[in-house]
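**Q**
Rendered as structure tokens:
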């Protein structure tokens, strides 16, 4: 088994290790390349002699370590149930006939076929088996060309993981890879939601945005910068001359988001004891540093979301007969 | 896209719909059969004419609905980061050489190859590509034959989902299937951890358990019941005559687990507002009914865990040269 029994017995803490303490030769990342693919399934190649020996770290099985693991699993169960509870029953999910196909029966999950999902490995996707969603298209079709997941990937492994995960190895590499995948999916979705934010803002004040877009495009053509997916940061660095970015930036709103996210992290990240509600607030113990997620929002998530908004708006005026409004 | 914009705009609530309100013809479940496989990937069959038309429900895009979705996504991001934070950095996860194989490079996730993971579709697993974990085996080898996931599946779809999910369809069938998968994995892991609980208890008082096991096996042979994986409930029903089950049952501990789980659900499931910490406790709004998870633990998770413990212990004395102690 994976070494969860041992890892679960380590006490929760909000003391996090900084990236500078990490030795990670594989972290030479560029914005358009990805390091260490998280996982690949269905590979049938044979093991080579280079494969490292893997040790079952749970040899010292104790009732205490099992209990710690069971208590930690309560949180995972609650988190997963809370995630499920945000959706309706959705009978089609379970209806073998809902998306039935010749030669196949069963409900299907089709990731990356909807416009709020963005693949990290777009060249390595399975064939689509779900019927495509019906129009109307709510975003300008150019939205489909914007995918800054290389930056999301880099941000996560280079800037978040070193602050989030303790240094070392507890043997849970499978669970680690699955958690990484869930984190990357959630971060990527949030950041690319900038397309919808931008479309809403554009529709609210089309005149202001059209003027700003034309000014920005003109400025970029003068300095010979062309908008290319994944290079929005170059635009971001020109913010002082960027009317478009200034239209999209609301410092007070961003501060309130950071404040709310920190409060949520304090709430969801606290270690609940049997007598939790009798403790004073000062006694709270947190699984991660409460300000960590707020910092991630302020330093990465919101700037990258605005980068997506800029990239979308810069091409929002491209002529296309099928655009949303 | 999936209809998250609409669904996210619905207010959180702990009012849940009861299963009796559901019309679900596909819910004729037996303990050893599974209804509606959650999803199958990599199917290349063509769509038939029976496929239902799928509608993009996000047509009425509004900034409010986008904002609601972004706020809800904060929770998903925090939950996923909290899950990741329980593990160390685990460099092997990202080391292309860690589990390298001839003709393949890249880190791998191998589900259901460790003894704390149990497949729901054991006949439909990909080939193992990870090196097998090294001994020592901490459980009696008979543990590998115990898998009550058919009951976990039935419990989840028949007893949990009707109380957890609102009736109706918000169009998010892909996200629903993925959330169901995460819930089933978490529940299955917790319930099958009974094997480790039982092994710990056995090692703590081998004489008491050996006597109880022999008495139970003798009793079952007298009434011609043989222990078969998945049929533990039959044993459970005989609890009044079951010394083994009574050895495993601690009513006070079970009550404290339910109490702790309810407190955790109140904490993790509360809707955090910007002024959350200024509110009185009475003003809290919960995403799900706080007592729901406690009831699930009391009615299903703990009984099924004890069922796993009984099934394990009934065969704990089987002769096997490689057993744990």
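Chains as they are written, first to last, in my numbering: chain A, -5 to 319; chain B, -5 to 319.
In this text, a Cβ means the ideal position worked out from N, Cα and C, and glycines have one as well.
Counting only the same chain and skipping the five closest in sequence on each side, list residues whose C-beta sits under 6 Å from that of residue 112 (chain B).
**A** Taken in chain order, the residues that qualify are 141, 143, 182 and 186.
**Q** Quick check: the region 253 to 263 of chain A against the region 200 to 219 of chain A, are there 3 or more CB pairs under 8 Å?
**A** No contact exists between the region 253 to 263 of chain A and the region 200 to 219 of chain A.
**Q** Buried or exposed for residue 58 (chain B), please, with buried defined as at least 16 other CB atoms from any protein chain shown within 10 angstroms of its CB.
**A** Flag for residue 58 (chain B) reads exposed.
**Q** Mind listing the chain A neighbours of residue 300 (chain B)? Cutoff is C-beta to C-beta under 8 Å, in chain order.
**A** Residues of chain A passing the Cβ test: none, with the nearest at roughly 13 Å.
**Q** Indicate whether at least one CB of chain A lies closer than 8 Å to the CB of residue 139 (chain B).
**A** For residue 139 (chain B), the answer is no, since every Cβ of chain A falls outside 8 Å of its Cβ.
**Q** Return no unless some Cβ of chain A is closer than 8 Å to the Cβ of residue 279 (chain B).
**A** Not closer than 8 Å to any Cβ of chain A, the Cβ of residue 279 (chain B) fails to qualify, so no.
**Q** Per DSSP, residue 280 (chain B) is paired with what?
**A** Paired residues: B:264.
**Q** Closest to residue 292 (chain A) by CA distance: which of A:266, A:283, A:132 and A:249 is it?
**A** Checked all of A:266, A:283, A:132 and A:249; the closest Cα to residue 292 (chain A) is A:249.
**Q** Can you confirm whether residue 327 (chain A), when its beta carbon is compared against all beta carbons of chain B, has any partner nearer than 8 Å?
**A** Nothing about residue 327 (chain A) can be read from this structure; chain A reaches only from -5 to 319.
**Q** Can you have a look at residue 313 (chain B) and say buried or exposed, based on whether 16 or more other CB atoms are within 10 angstroms of its CB?
**A** That one is exposed.
**Q** Which residues in the same chain have their Cβ closer than 6 Å to the Cβ of residue 48 (chain A), if we skip the five residues on either side of it in sequence?
**A** With a pLDDT of only 43 at residue 48 (chain A), under 50, the local geometry of the prediction cannot be trusted, and the value read off the model is given with reservation. None.
**Q** Identify the residues that DSSP records as bridge partners of residue 82 (chain B): which are they?
**A** In the DSSP output, where bridge partners are listed per residue, residue 82 (chain B) has A:160.
**Q** Pairing CB atoms from the region 71 to 78 of chain A with CB atoms from the region 70 to 78 of chain B, are three or more of them under 8 Å?
**A** The region 71 to 78 of chain A is in contact with the region 70 to 78 of chain B.
**Q** By Cβ distance, which residues of its chain are closer than 6 Å to residue 17 (chain B), with the 5 residues on each side in sequence left out?
**A** Unreliable positioning characterises residue 17 (chain B) in this predicted model, as indicated by a pLDDT of 33, which lies under 50. A coordinate reading is not provided.
**Q** Just to check my reading of the structure: residue 64 (chain B) and residue 114 (chain B) have Cβ atoms closer than 8 Å, yes? What is that Cβ distance to the nearest angstrom?
**A** About 33 Å separates the two Cβ atoms, so there is no contact after all.
**Q** Can you look up residue 165 (chain A) in the DSSP assignment and give me helix, strand or coil?
**A** Of the three classes helix, strand and coil, the one that applies to residue 165 (chain A) here is coil, per DSSP.
**Q** Can you tell me whether residue 243 (chain B) is helix, strand or coil according to DSSP?
**A** Residue 243 (chain B) falls in the coil class under three-state DSSP.
**Q** Helix, strand or coil: how does DSSP classify residue 89 (chain B) here?
**A** Residue 89 (chain B) falls in the coil class under three-state DSSP.
**Q** CA-CA distance, residue 154 (chain A) and residue 260 (chain A)?
**A** Their Cα atoms are separated by approximately 18 Å.
**Q** Using a cut-off of 7 Å between C-beta atoms, extract the partners of residue 166 (chain A) located in chain B.
**A** Those within 7 Å of residue 166 (chain A) in chain B are 81 and 84.
**Q** Where do the ends of the alpha helix (DSSP H) carrying residue 143 (chain B) lie?
**A** Residue 143 (chain B) -> alpha helix (DSSP H) spans 143 to 148.
**Q** Using only the alpha-carbon positions, how far apart do residue 84 (chain B) and residue 162 (chain A) sit?
**A** Straight-line Cα distance between these residues: approximately 6 Å.
**Q** Start and end of the alpha helix (DSSP H) containing residue 110 (chain A)?
**A** Counting along the chain, residue 110 (chain A) falls outside any alpha helix (DSSP H), and DSSP gives it neither H nor E.
**Q** When you compare only the Cα positions, how much space is there between residue 189 (chain A) and residue 160 (chain A)?
**A** The alpha-carbon atoms of residue 189 (chain A) and residue 160 (chain A) are separated by roughly 34 Å.
**Q** Quick one, which of B:282, B:246 and B:245 has its alpha-carbon nearest residue 263 (chain B)'s?
**A** Here the closest residue by C-alpha is B:282.
**Q** Tell whether a beta-carbon distance below 8 Å holds between residue 279 (chain A) and residue 265 (chain A).
**A** Yes, the Cβ-Cβ distance between residue 279 (chain A) and residue 265 (chain A) is below 8 Å.
**Q** Find the residues of chain A that neighbour residue 169 (chain B), judging by a C-beta separation of less than 7 Å, and give them in chain order.
**A** Under the 7 Å cutoff, chain A gives 81.
**Q** Tell me which residues of the region 145 to 164 of chain A have at least one Cβ-Cβ distance to chain B shorter than 9 Å, keeping chain order.
**A** Within the region 145 to 164 of chain A, the residues whose Cβ lies closer than 9 Å to some Cβ of chain B are 151, 154, 155, 156, 158, 159, 160, 161, 162, 163 and 164, listed in chain order.
**Q** Just checking: is the beta-carbon of residue 177 (chain A) within a distance shorter than 8 Å of some beta-carbon in chain B?
**A** Closer than 8 Å to some Cβ of chain B, the Cβ of residue 177 (chain A) qualifies, so yes.
**Q** According to the Cβ coordinates, are residue 238 (chain A) and residue 145 (chain A) closer than 8 Å?
**A** Going by C-beta atoms, residue 238 (chain A) is not nearer than 8 Å to residue 145 (chain A).
**Q** Report the rounded CA-to-CA distance for residue 194 (chain A) versus residue 56 (chain B), giving the unit in angstroms.
**A** Taking the straight line from one Cα to the other gives about 6 Å.
**Q** Output the distance between the C-alpha atoms of residue 10 (chain A) and residue 285 (chain A), rounded to the nearest integer angstrom.
**A** Confidence is the limiting factor: at residue 10 (chain A) the pLDDT is only 33, short of 50, which leaves the residue's position unreliable and the question unanswerable from this model.
**Q** Under 8 Å between C-beta atoms, does residue 210 (chain B) make it to chain A?
**A** Chain A, which has no Cβ nearer than 8 Å to the Cβ of residue 210 (chain B), makes this no.
**Q** For residue 244 (chain B), does the count of other Cβ atoms within 10 angstroms reach 16, so buried, or fall short, so exposed?
**A** By the neighbour-count rule (16 or more Cβ atoms within 10 Å), residue 244 (chain B) is not buried but exposed.
**Q** Counting only beta-carbon separations shorter than 8 Å, does residue 173 (chain B) have a partner in chain A?
**A** Interface residue, yes.
**Q** Can you say whether residue 156 (chain B) is buried or exposed, counting buried as having 16 or more other CB atoms within 10 angstroms of its CB?
**A** By the 10 Å Cβ count, residue 156 (chain B) comes out buried.
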